[in-house]
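Chemist:
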Amino acid sequence: MKFIFNLQRLMDLRKKFEEMAKDEFKKKVKERIEVEEQIEQIDKKIDGFVSSFNNELTYSVSPMRFKQLIEYREYLKKERVKLIKLYQIKLREEESAREDYLEAKKEKDILDKLKQRKLENYNYEMKLSEIKELDEIAQKMYVQKNKEK
């Protein structure tokens, strides 16, 4: 007799859900890292701009060029603020995806443990049945041996 786990289809489905949630979590981590890298790049641009701005200020700068430099600095600051907001959104999305993944993993693990317990119980019952059969055979042999005497 073969072991059959009645909830195997559900367990397979939970495993697929776990894999999907894990993939989604990895995707969200990657998105967050990309935004972090964009923030680092804009920070480097801002640092580079500050030094070039200071260099240009040491020389005479036309009012038009000065205005352009100020506008570019404001643009970089606004971009950085946008990226920080996007980063915060990505952090929340990552946290949500992580929680979804952990929940899916927990549900799958519960079914894994249930299957393991059912299998252990099945193996125990099979051993008991085997022992019972061996006892019956031994008893029949004993009775048959005593009849022959």
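Quick note: the sequence shown, position 90, residue 149 per the working numbering, numbers continuous. Every residue gets a Cβ at the ideal spot worked out from N, C-alpha and C, and that includes glycine.
Mind checking which residues open and close the alpha helix (DSSP H) that includes Ser110?
Modeler: Locating residue 110 in the sequence shown gives position 51, where the first residue counts as 1. Where Ser110 is concerned, the enclosing alpha helix (DSSP H) stretches over 67-117.
Chemist: Here's the rule I'm using: 16 or more other beta-carbon atoms within 10 Å means buried, otherwise exposed. How should Tyr118 be labelled?
Modeler: Walking along the sequence shown from the start, residue 118 turns up at place 59. Counting Cβ neighbours within 10 Å, Tyr118 comes out exposed, since fewer than 16 surround it.
Chemist: Hey, how far is the Cα of Glu77 from the Cα of Tyr160?
Modeler: Position 18 of the sequence shown, counted from the start, is the residue given in the question as residue 77. Position 101 of the sequence shown, counted from the start, is the residue given in the question as residue 160. Straight-line Cα distance between these residues: approximately 6 angstroms.
Chemist: Helix, strand or coil: how does DSSP classify Val120 here?
Modeler: Sequence index remark: in the sequence shown, residue 120 carries index 61 (1-based). Three-state result, Val120: coil.
Chemist: Drop a sphere of 10 angstroms on the beta-carbon of Ala156, count the other beta-carbons inside from all chains shown, and report buried for 16 or more, exposed for fewer.
Modeler: The residue you call residue 156 lines up with position 97 of the sequence shown. So Ala156 ends up on the buried side.
Chemist: Out of curiosity, what's the CA-to-CA distance linking Gln203 and Phe64?
Modeler: Numbered from its first residue, the sequence shown carries residue 203 at position 144. Numbered from its first residue, the sequence shown carries residue 64 at position 5. Roughly 41 angstroms separates the two Cα atoms.
Chemist: Measure the alpha-carbon distance for Lys172 versus Glu189 and round it to whole angstroms.
Modeler: Walking along the sequence shown from the start, residue 172 turns up at place 113. Walking along the sequence shown from the start, residue 189 turns up at place 130. C-alpha separation (whole angstroms): 25 angstroms.
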